Amino acid sequence: MTQKSAIFHFRPDTVDKPIVTELVRDYNLTVNILQAKISPEEQGTMFVTLQGGMGDINSALKYLKELYVTVILPTKNVVLLEEKCTHCGACVGQCLPKALSVDQATKEVKFNSELCIACELCISACPYGAIESVTEHLARKAV
Amino acid sequence: MAKTYEEINEKIRKKKAVVVTAEEIKGIVEDKGASAAAKEVDVVTTGTFGPMCSSGILFNVGHTRPKMKIEKAWVNNVEAYSGIAAVDCYLGATQLPEDSPRNKIFPGQFRYGGGHVIEDLVNGKDVVFKATSYGTDCYPRKELETLMNIKDLNDAWLLNPRNSYQNYNVAVNRSAKRPIYTYMGTLRPRMANANYCSAGQLSPLLCDPYYRTIGIGTRIFLAGGVGHVIYNGTQHDPCGERTENGIPKGGAGNIAVMGDLKKMNTEFLRGVSQTGYGASLAVGIGVPIPVLDEDVVRRAAVRDKDILAPVVDYSEDYPNAAGGPLAYVSYAELRSGRITIEGRQIETASISSYPKARKIAETLRGWIKDGTFELGKPVQTLPSSESGIKFKMLNYRPNEK
Numbered sequence: 000m001t002q003k004s005a006i007f008h009f010r011p012d013t014v015d016k017p018i019v020t021e022l023v024r025d026y027n028l029t030v031n032i033l034q035a036k037i038s039p040e041e042q043g044t045m046f047v048t049l050q051g052g053m054g055d056i057n058s059a060l061k062y063l064k065e066l067y068v069t070v071i072l073p074t075k076n077v078v079l080l081e082e083k084c085t086h087c088g089a090c091v092g093q094c095l096p097k098a099l100s101v102d103q104a105t106k107e108v109k110f111n112s113e114l115c116i117a118c119e120l121c122i123s124a125c126p127y128g129a130i131e132s133v134t135e136h137l138a139r140k141a142v
Numbered sequence: 000m001a002k003t004y005e006e007i008n009e010k011i012r013k014k015k016a017v018v019v020t021a022e023e024i025k026g027i028v029e030d031k032g033a034s035a036a037a038k039e040v041d042v043v044t045t046g047t048f049g050p051m052c053s054s055g056i057l058f059n060v061g062h063t064r065p066k067m068k069i070e071k072a073w074v075n076n077v078e079a080y081s082g083i084a085a086v087d088c089y090l091g092a093t094q095l096p097e098d099s100p101r102n103k104i105f106p107g108q109f110r111y112g113g114g115h116v117i118e119d120l121v122n123g124k125d126v127v128f129k130a131t132s133y134g135t136d137c138y139p140r141k142e143l144e145t146l147m148n149i150k151d152l153n154d155a156w157l158l159n160p161r162n163s164y165q166n167y168n169v170a171v172n173r174s175a176k177r178p179i180y181t182y183m184g185t186l187r188p189r190m191a192n193a194n195y196c197s198a199g200q201l202s203p204l205l206c207d208p209y210y211r212t213i214g215i216g217t218r219i220f221l222a223g224g225v226g227h228v229i230y231n232g233t234q235h236d237p238c239g240e241r242t243e244n245g246i247p248k249g250g251a252g253n254i255a256v257m258g259d260l261k262k263m264n265t266e267f268l269r270g271v272s273q274t275g276y277g278a279s280l281a282v283g284i285g286v287p288i289p290v291l292d293e294d295v296v297r298r299a300a301v302r303d304k305d306i307l308a309p310v311v312d313y314s315e316d317y318p319n320a321a322g323g324p325l326a327y328v329s330y331a332e333l334r335s336g337r338i339t340i341e342g343r344q345i346e347t348a349s350i351s352s353y354p355k356a357r358k359i360a361e362t363l364r365g366w367i368k369d370g371t372f373e374l375g376k377p378v379q380t381l382p383s384s385e386s387g388i389k390f391k392m393l394n395y396r397p398n399e400k
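Protein chains in written order, with numbering that gives the first Met the number 0: chain A, 0 to 142; chain B, 0 to 400.
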């Protein structure tokens, strides 16, 4: 079982397609919609977490591509700097797909990059500058 | 059977003291009872680590030749108050650099401020010190700009007028309009998340709710070094509502603390940036609680489920000093990651770090066990629930003149 966060962008001519239903019915996926903004005859954006077999997820993404739905799979788009993190949890409350969570046993903050949708809300929520975008991270490392 | 500070310190010197953390004492009291626990255990160590405004450093830079009576001073462009004497300055944790954009592009990021200057100093980094004055016969110099390092300072004290709040609000944003940016973090609209800030069952003043063992002269773990409680903190408010077991149901007490900055380390002292709000300093504090008797140990064994915190709306109620708590929730519920308010499930997150609080309590336990840290007997304990002290609002009187 694989879990993946994804962002779908719809063109005006695809917003009327029952895509979520198809992902569930034809590809056996569990689709959790985290945020969606779709206006009929205009365009739309949807943040989702997909759960299912690796093969099913890949076939579903291929199908979406045929429909001209732009799929963005943001993995590893932010970097959690261990040396700066105090494990408070201020970021956790901002993370819709739960890529950032608190381990109930150790009370430490954990980051699962597979679930990250790269919204970057956690970056400004961190009081200690312990989360960087990959762009920021690379720029700093290059210096 | 009661114990005295002298007896406990004697055991510490002989490295025979039984020291446990505030997490460990709960199981001991539950298994063996408070009476046996009071006999067996000598000291309970507590810990807390979180953003604590009302913090800052007092430092003496020494004299230049010719001498200068500093009137205005800046460290890395952050103003330090110098209206104390010729070369003494106080730099506050929330002070911003002169050229900080603040909230001009909302929400501001506040990546640097007084708290970060303090972190830089403790990290041994050189900082830029600038000062101006008007010149006198005895202090003729009018301008100064120099690199400065913590090791060059005569004195550098962390001197915090209000730290380690006994308990604290759980912040939510009840408005429907937009996220709000507070000192309690970013709060999403329609109560999508709730932020809290306390180590709960590990927190110093929750483990000694009537301050029987905490007061002027209590020796503490302060930001990786050793410090002291020097007084009750400002806004100390011990007479508010308490639960049946004596735990305050709101902010209540707090402590003023002081210690040698040169002996601290940045694992437990960090600059803080709160988006849309400002800069601050995260401070690590651990207070040892001497087990003088059964009552002390029973209270130190308090659990998260028995500590309640008020849920407060920060979109309307808090800024306008109106309304009361929406509800009370326990730290056990808060730590589970979810609370229920007005029939809605709300995700919770902590602003203070429980793993760091735990590490502080464990470090302090180690120091006491090794015989390197003796307890300081308070010359006067903090004013408690019978003191009549009440935190007041400002008495606003328009100046008609």
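Beta carbons are placed, not taken as given, at the ideal position from N, Cα and C, and that holds for glycine.
Small disclaimer: the values here were computed from a predicted structure and weren't measured.
query                                                                                                                                                                              : result
Would you tell me roughly how many angstroms separate the C-alpha atoms of residue 285/B and residue 221/B, rounded to the nearest one?                                            : 7 Å
Within 8 Å (strictly less), CB to CB, does residue 38/A reach chain B?                                                                                                             : no
Could you tell me which chain B residues have their CB closer than 7 Å to the CB of residue 118/A, listed as they occur along the chain?                                           : Simply none; closest approach about 12 Å.
Would residue 160/B be called buried (16 or more neighbouring beta carbons within 10 Å of its own) or exposed?                                                                     : buried
For residue 73/A, which of helix, strand or coil comes out of DSSP?                                                                                                                : coil
May I ask you to report which of helix, strand or coil DSSP gives residue 344/B?                                                                                                   : strand
With H, G and I counted as helix, E and B as strand and the rest as coil, what does DSSP make of residue 327/B?                                                                    : strand
Are the C-beta atoms of residue 62/A and some chain B residue less than 8 Å apart?                                                                                                 : no
Report yes or no: is there a C-beta of chain A within less than 8 Å of the C-beta of residue 54/B?                                                                                 : no
Drop a sphere of 10 angstroms on the beta-carbon of residue 133/B, count the other beta-carbons inside from all chains shown, and report buried for 16 or more, exposed for fewer. : exposed
Quick one: is residue 328/B near chain A, going by C-beta distance under 8 Å?                                                                                                      : no
State buried or exposed for residue 269/B, treating a residue as buried only when at least 16 other CB atoms are found within 10 Å of its CB.                                      : buried
I'd like to know whether the C-beta of residue 132/A is nearer than 8 Å to at least one C-beta of chain B.                                                                         : no
Beta-carbon within less than 8 Å of residue 27/B's beta-carbon, same chain only, minus the 5 sequence neighbours each way: which residues are those?                               : 19, 36, 39, 40, 300
Tell me whether residue 193/B sits in a helix, a strand or coil according to DSSP, three-state version.                                                                            : strand
When you compare the CB of residue 85/A with every CB in chain B, is at least one pair closer than 8 Å?                                                                            : yes
Relative to the C-alpha of residue 100/B, which residue among 112/B, 90/B, 89/B, 394/B is closest?                                                                                 : 112/B
Tell me the DSSP secondary structure of residue 103/B in three-state form.                                                                                                         : coil
How far does the beta strand (DSSP E) with residue 280/B in it extend, from its first residue to its last?                                                                         : 277-285
Flag residue 101/A as yes if its beta-carbon sits less than 8 Å from any beta-carbon of chain B, otherwise no.                                                                     : yes
Can you find a heavy atom of the ligand COA that lies under 7 Å from the Cβ of residue 106/B?                                                                                      : Absence of the ligand COA from the depicted structure is noted, as is the absence of any ligand whatsoever, leaving it without description.
Listed in chain order, which residues of the region 353-365 of chain B have Cβ atoms closer than 8 Å to some Cβ of chain A?                                                        : 353, 354, 355, 357
I believe residue 307/B touches residue 327/B by the beta-carbon criterion, under 8 Å. Please report the beta-carbon distance rounded to the nearest angstrom.                     : 4 Å
Which residues in chain B sit within 8 Å of residue 105/A, going by Cβ to Cβ distance?                                                                                             : 354
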